[in-house]
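In full-length UniProt numbering, the protein residues as written are 1 to 304.
To start, the structure under review is shown below, and the notes come after it.
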């Protein structure tokens, strides 16, 4: 027989999630994991098909053990809802009756508002195969439904629980678009830095014959600047771009990429060749007369 525990023993940190006759332990575990992701901890089961506890549920919960350990099991839905003040029933299809129907965003805000008033709330989910009976929906206060494709409207209960858990957490944020971490803060590049990049890039392109035919150069330069000003670069980004352009500018058809290190600037090769030739000439020059040569040991006649 299912074990029923006093729901008052659980401190309410948000709406309770109630699963009616769940069939698979894996689905229960995935619901628990979704709840833990978004700060919910109170999971109630009504007549789980395979009984409780479930090792399959614990494994699927992926370390959401605090939710699994606090699960409460009830013999009937009425008992599972008895201590709650307000309950949403989830359904994918229209029901007879006079209940208000809300989308998940609005439902999350309603739950948050009632929670702020000290009310105990819950969200009711049906069976994997066919959801909730009409009389079970009748025990809820309002309906929440999801904007799904009507030709494929059935959601796995873990997916549905994830959506509602997310809306619950989002409704409590001061800014609903806030994230837990952000990208780096970077100082915008100054116009002087940006114009310096323009000049450097245009010079490199000019040297490579990019601006052809010549009469079209002004328009090509305008287009180039329009592209580069559109992004709104930060200082570090300009440094990266300038480094890339500088590296590419060191190569030419005479020394293509992969033919040497970026330090082997083709424009410096004549000077480098001259230095190499001078060194080779000095190496091959005759040593001169023996009398002009320094002592063999470099220490005077003591070593003769």
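Note that CB positions come from ideal geometry on N, CA and C, so glycine has one too.
In this text, all values refer to a predicted model and were calculated from it rather than measured experimentally.
Item                                                                                                                        : Value
Within 8 angstroms, strictly: CB atoms of residue 28 and residue 62                                                         : no
Separation of residue 17 from residue 75, as counted between CA atoms                                                       : 16 angstroms
Option in 228, 169, 126 with minimal Cα separation from residue 157                                                         : 126
Whole-number beta carbon distance between residue 82 and residue 42, since they are thought to touch under 8 angstroms      : No, residue 42 and residue 82 are not in contact; Cβ-Cβ is about 14 angstroms, not under 8 angstroms.
Residue burial classification, residue 153 (beta-carbon count within 10 angstroms, cutoff 16)                               : exposed
Host alpha helix (DSSP H) of residue 122 (start-end)                                                                        : Counting along the chain, residue 122 falls outside any alpha helix (DSSP H), though it belongs to the beta strand (DSSP E) covering 121-125.
Distance, residue 34 Cα to residue 14 Cα                                                                                    : 14 angstroms
Inter-stretch contact at 8 angstroms, needing at least 3 Cβ pairs: the region 195-215 / the region 134-151                  : no
Proximity of residue 22 and residue 128 at Cβ, strictly below 8 angstroms                                                   : yes
Of the residues 106, 151, 107, 60, the one placed nearest residue 93, counting alpha carbons only                           : 151
Within 8 angstroms, strictly: CB atoms of residue 120 and residue 84                                                        : yes
Beta-carbon spacing of residue 19, residue 46 below 8 angstroms                                                             : yes
Three-state secondary structure (DSSP) of residue 229                                                                       : helix
Simplified DSSP state of residue 107, which is helix, strand or coil                                                        : helix
Start-to-end residues for the alpha helix (DSSP H) that takes in residue 55                                                 : 55-60
Three-state secondary structure assigned by DSSP to residue 18                                                              : strand
Cα-Cα separation between residue 108 and residue 115, rounded to whole angstroms                                            : 10 angstroms
Distance, residue 232 Cα to residue 190 Cα                                                                                  : 10 angstroms
Other residues of its chain near residue 49: CB distance less than 6 angstroms, five sequence neighbours each side excluded : 23
Residue from 208, 135, 227, 186 whose Cα sits closest to the Cα of residue 95                                               : 135
Closer than 7 angstroms: residue 117 CB and nearest the ligand FMN heavy atom                                               : Although the ligand FMN was asked about, the structure shown includes no ligands whatsoever.
Limits of the unbroken alpha helix (DSSP H) element including residue 98                                                    : Run containing residue 98: none; DSSP gives neither H nor E here.
Coarse secondary structure for residue 44, derived from DSSP in three states                                                : strand
4 or more residues per run - each alpha helix (DSSP H) lying fully within the region 153-213                                : 157-171, 191-207
Residues near residue 209 in its chain [Cβ-Cβ closer than 6 angstroms; skip 5 each side]                                    : none
Which listed residue (221, 240, 161, 99) has its alpha carbon closest to that of residue 312                                : The chain is shown from 1 up to 304; residue 312 falls before or after that span and cannot be answered.
Per-residue burial, residue 123 [other beta carbons within 10 Å of its own, 16 or more giving buried]                       : buried
Short Cβ contact (8 angstroms threshold) for residue 26 with residue 60                                                     : yes
Opposing strand residues paired with residue 234 [DSSP bridges]                                                             : 188
Contact belief for residue 111 with residue 168 at Cβ below 8 angstroms, rounded distance in angstroms                      : 6 angstroms
Endpoints, alpha helix (DSSP H) assigned at residue 36                                                                      : 25-37
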